[in-house]
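Colleague: I have a structure I would like to understand better, so I am pasting it below and will then ask my questions one at a time.
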Amino acid sequence: MADYDVIIIGGGPGGYVCAIRCAQLGLKTAVVEGRETLGGTCLNVGCIPSKALLHASHSLHEAQHNFATMGLRGKAPSVDWKQMLSYKDEVIGQNTKGIEFLFKKNKVDWIKGWATIPAAGQVKVGDDVHSAKNVVIATGSEPASLPGVEVDEKTIVTSTGALSLTKIPKKLVVIGAGVIGLEMGSVYARLGAEVTVVEFLDHITPGMDAGLAKAFQRALKKQGLTFVLGAAVQEVEKLKTKLKVHYKLRKNDSDATLEADTVLLATGRKPFVDGLGLEALGVTMTKHGQIAVSHWQTNVKSLWAIGDVTEGPMLAHKAEEEGIAVAERIAGQAGHVNYDVIPGVVYTAPEVASVGQTEEALKAEGRAYKVGKFSFMANARAKATFAGEGFVKILADQQTDRILGVHILGPAAGELIHEACMAMEFGASAEDLARTCHAHPTFSEAVREAALACGDGAIHA
Ligand code: NAI
880 MADYDVIIIG GGPGGYVCAI RCAQLGLKTA VVEGRETLGG TCLNVGCIPS KALLHASHSL
940 HEAQHNFATM GLRGKAPSVD WKQMLSYKDE VIGQNTKGIE FLFKKNKVDW IKGWATIPAA
1000 GQVKVGDDVH SAKNVVIATG SEPASLPGVE VDEKTIVTST GALSLTKIPK KLVVIGAGVI
1060 GLEMGSVYAR LGAEVTVVEF LDHITPGMDA GLAKAFQRAL KKQGLTFVLG AAVQEVEKLK
1120 TKLKVHYKLR KNDSDATLEA DTVLLATGRK PFVDGLGLEA LGVTMTKHGQ IAVSHWQTNV
1180 KSLWAIGDVT EGPMLAHKAE EEGIAVAERI AGQAGHVNYD VIPGVVYTAP EVASVGQTEE
1240 ALKAEGRAYK VGKFSFMANA RAKATFAGEG FVKILADQQT DRILGVHILG PAAGELIHEA
1300 CMAMEFGASA EDLARTCHAH PTFSEAVREA ALACGDGAIH A
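Using the numbering used here, the first residue of the sequence shown is number 880, and each one after it goes up by one.
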């Protein structure tokens, strides 16, 4: 008899959520994790620690820029970087220990170490071979490398090193204007660094609705971030006391350089599958190095894969959804993920959040759509809290009024977006949203006003 019904490799958001759901469904479950704490990249060196630093640096910004206006006098706080890092570590600790507790509560075994899969239904950790009726790969992703850029995680760092720099940089160059680059770039800009973001494309945040991306870039510029767009970084040269970033401007092929004391490489992530033994096992991969799956099932019997190692957005909540769906499929239930309604959030200030289709995607599809837009400048709550920058934009089908996409730049956008997600899950029209009573004064009223703008017009515009 197999030791387990399910062994999950990887204790990140995909893996640990899958494990808990498996246990809830009565399956004997273990998770293999080689890191010293559970929670994967997200909890240890990703989403959670970056949110702690974003919160701390935003609080400093509020003290420096808005306190006096509100009649809060006194010297603005200075930064004790060591303490800020301890606060961040404390937050990590609380969260990773929380998962250990959940494992105990749900009787999920944690097998400590790095796993290989010697054969279908077997997982080897150190000298021990464990058998399982099902194996789920949830090993996540790692930072992609860039030729000519040698990461040492001290002065040339990925997101991992950027979360524990020994000091706040004076001059930071960020390679890549994606989510990581902009979140960490704004942390250090608020803490006093001179931040330049070098991006290959002619716009920031690839895949984001273009109108939203433009407004977002303007907001970041106002906060002091400098952008060099249409520029491909070729090399980072390590000099005695500084770094030199060499890049090529795509429009005229000219070479240029930037000096920095710290460089953050944030040009994407790639599936982390090294050492699992997938090749020997004959697992089919996509041309992008992801594990090929159909409804999370690989081509090898009883071997499943979820999260960043598979196709789709590299987002913790996408992995969680898949973890739950796989658990349910293993337990003989349906298991379902609605890939059309997966929100994306950038946790800067203002926040950015999107769900569903962008205007560009709708145009490419040739779909007739209407746009309802409402500015936070006309939202009373936002005005009272220095958060009037940004807008809500709703895209709805021209004929049926069904909501197709929602894009928000503004206060608490990452929370507001879920009203849109819920509406879309229920197939709502913009009018359904517009006819829903929203409490006053709230940021959410801006969502309702944008929905009204899809019809006869917003009230406060
Ligand atoms: P990304 O794929 O979002 O952005 C990378 C950027 O680097 C692109 O804009 C690309 O054009 C640019 N680039 C590539 N090569 C370049 C070169 N040689 N010179 C200049 N620019 C270059 O990747 P990122 O920001 O590293 O994030 C990785 C993953 O982690 C993403 O899938 C992201 O969704 C996820 N993530 C999500 C977060 C969130 O949801 N809040 C937070 C952090 C990461």
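Every residue, glycine too, gets a C-beta built ideally from N, C-alpha and C.
Note that the structure is predicted; figures quoted are calculated from it, not measured.
1) Does Val1053 come out as helix, strand or coil in the three-state DSSP assignment?
2) Hey, Pro997 and Val1008 are a contact pair by Cβ (cut 8 Å); roughly how many whole angstroms apart?
3) Please determine whether the Cβ atom of Ala1145 lies at a distance below 8 Å from any heavy atom of ligand 1.
4) Which one of Val910, Leu1295, Leu904 has the shortest CA to CA distance from Asp882?
5) Does the Cβ of Leu1144 have 16 or more other Cβ atoms within 10 Å, making it buried, or fewer, making it exposed?
6) Less than 8 Å between the CB of Ile1273 and some heavy atom of ligand 1, yes or no?
7) Among the candidates Ser1254, Val1285, Pro1290, Gly1223, whose CA atom is the shortest distance from the CA of Pro1229?
8) Between the segment 1220 to 1235 and the segment 1272 to 1292, can you find at least three pairs of beta-carbon atoms closer than 8 Å?
9) Measuring alpha carbon to alpha carbon, tell me which residue in Ile1209, Ala1247, His1125, Ala1313 is nearest Ala1332.
10) By the three-class DSSP mapping on this structure, what secondary structure does Lys1262 have?
11) Among Leu933, Ile888, Leu1091, whose alpha-carbon lies nearest the alpha-carbon of Ser1010?
12) Are the CB atoms of Leu1288 and Val1326 nearer to each other than 9 Å?
13) Can at least three beta-carbon pairs, one atom from the segment 890 to 910 and one from the segment 1160 to 1171, be found at a separation below 8 Å?
14) Just to confirm the assignment, what range does the beta strand (DSSP E) spanning Asn1013 have?
15) Tell me which same chain residues have a C-beta within less than 7 Å of the C-beta of Lys1149, skipping the five on either side of it?
16) Comparing C-alpha positions only, which one of Ala1259, Thr995, Phe1106 sits nearest to Gly1154?
17) Leaving aside the five residues before and after Ala1111 along the sequence, list all residues of the same chain whose C-beta is less than 8 Å from its C-beta, in chain order.
18) Would the beta-carbon of Glu1293 fall within 9 Å of that of Pro1222?
19) Alpha carbon to alpha carbon, how far is Asp1134 from Gly1202? Give it in angstroms, no decimals.
20) Please give me, in chain order, every unbroken run of the alpha helix (DSSP H) with length at least 4 that falls completely inside the segment 1044 to 1124.
21) Pull the bridge partners of Val1250 from the DSSP assignment, please.
22) Determine the direct distance from the alpha carbon of Ala898 to that of Lys986, and round the result to whole angstroms.
23) Under a Cβ-count criterion, where at least 16 other Cβ atoms within 10 Å of its own Cβ denotes burial, should Asn923 be classed as buried or exposed?
24) Nearer than 8 Å: is that true of the beta carbon of Glu1078 relative to any heavy atom of ligand 1?
25) Assuming Thr1141 contacts Leu1051 under a Cβ cut-off of 8 Å, what Cβ separation, rounded to an integer in Å, is found between them?
26) Can you list, in chain order, the residues of its chain with a C-beta nearer than 7 Å to that of Asn974? Leave out the 5 residues immediately preceding and following it.
27) Does DSSP classify Tyr1218 as helix, strand or coil?
28) For the segment 1038 to 1050 and the segment 1077 to 1095, state whether three or more C-beta atom pairs, one from each stretch, are separated by less than 8 Å.
Modeller: Based on what the coordinates show:
1) Taking the sequence shown and counting its residues from 1, one reaches residue 1053 at position 174. Reduced to three states, the DSSP call for Val1053 is strand.
2) As a first step, residue 997 must be located in the sequence shown, where it is residue number 118. As a first step, residue 1008 must be located in the sequence shown, where it is residue number 129. So it is a contact: roughly 7 Å between Cβ atoms.
3) For the purposes of this step, residue 1145 is taken as residue 266 along the sequence shown, with counting starting at 1. Ala1145 Cβ: within cutoff of ligand 1.
4) Within the sequence shown, numbered from 1, the residue matching residue 882 stands at position 3. Answer by Cα proximity: Val910.
5) Counted from its first residue, the sequence shown places residue 1144 at position 265. By the beta-carbon neighbour count (other beta carbons within 10 angstroms, threshold 16), Leu1144 is buried.
6) Within the sequence shown, numbered from 1, the residue matching residue 1273 stands at position 394. Because no heavy atom of ligand 1 lies under 8 Å away, the Cβ of Ile1273 does not count as near it: no.
7) Here residue 1229 is taken as the residue at index 350 of the sequence shown, counted from 1. For the residues Ser1254, Val1285, Pro1290, Gly1223, the minimum Cα distance to Pro1229 belongs to Pro1290.
8) yes
9) Along the sequence shown, one-based indexing puts residue 1332 at 453. Measuring from the Cα of Ala1332, the nearest candidate turns out to be Ala1313.
10) Walking along the sequence shown from the start, residue 1262 turns up at place 383. Helix, per DSSP.
11) Taking the first residue of the sequence shown as 1, we reach residue 1010 at position 131. When only C-alpha atoms are compared, the closest one is Ile888.
12) On the sequence shown, residue 1288 is found 409 positions in, with the first residue counted as 1. On the sequence shown, residue 1326 is found 447 positions in, with the first residue counted as 1. No. Outside cutoff.
13) no
14) Start at 1 with the first residue of the sequence shown, and residue 1013 comes out as number 134. 1007 to 1016 is the extent of the beta strand (DSSP E) around Asn1013.
15) Start at 1 with the first residue of the sequence shown, and residue 1149 comes out as number 270. The answer, listed in chain order, is Ser1020, Glu1021, Ala1023, Gly1168.
16) For the purposes of this step, residue 1154 is taken as the residue at position 275 of the sequence shown. For the residues Ala1259, Thr995, Phe1106, the minimum Cα distance to Gly1154 belongs to Thr995.
17) As a working note, residue 1111 is residue 232 in the sequence shown. If we look at Ala1111 and ignore the five residues flanking it on each side, its Cβ neighbours are Phe1079, Tyr1126, Lys1127, Arg1129.
18) Your numbering for residue 1293 matches position 414 in the sequence shown. Your numbering for residue 1222 matches position 343 in the sequence shown. Residue identity check: residue 1293 is Gly in the sequence provided, not Glu. It is a contact, given that the beta carbons lie within the stated cut-off.
19) The residue you call residue 1202 lines up with position 323 of the sequence shown. The residue you call residue 1134 lines up with position 255 of the sequence shown. Between Gly1202 and Asp1134, the C-alpha separation is close to 46 Å.
20) 1058 to 1069, 1089 to 1101
21) Translated into positions along the sequence shown, residue 1250 becomes position 371. In DSSP, Val1250 forms a bridge with Leu1274.
22) Within the sequence shown, residue 986 is the residue found at index 107, counting from 1. Within the sequence shown, residue 898 is the residue found at index 19, counting from 1. Roughly 10 Å between the two C-alpha positions.
23) By 1-based counting over the sequence shown, the position of residue 923 is 44. Burial call: buried.
24) Residue mapping note: residue 1078 aligns to position 199 of the sequence shown, counting from 1. Yes; taking the cut-off as 8 Å, the Cβ of Glu1078 has a heavy atom of ligand 1 nearer than that.
25) One-based indexing of the sequence shown puts residue 1141 at position 262. One-based indexing of the sequence shown puts residue 1051 at position 172. The pair is a contact, with the Cβ atoms about 5 Å apart (cut-off 8 Å).
26) Within the sequence shown, the letter at position 95 stands for residue 974. Hits under 7 Å: Gly918, Leu922, Ile927.
27) Taking the first residue of the sequence shown as 1, we reach residue 1218 at position 339. Looking at Tyr1218 - three-state DSSP - the assignment turns out to be coil, as it is neither helix nor strand.
28) no
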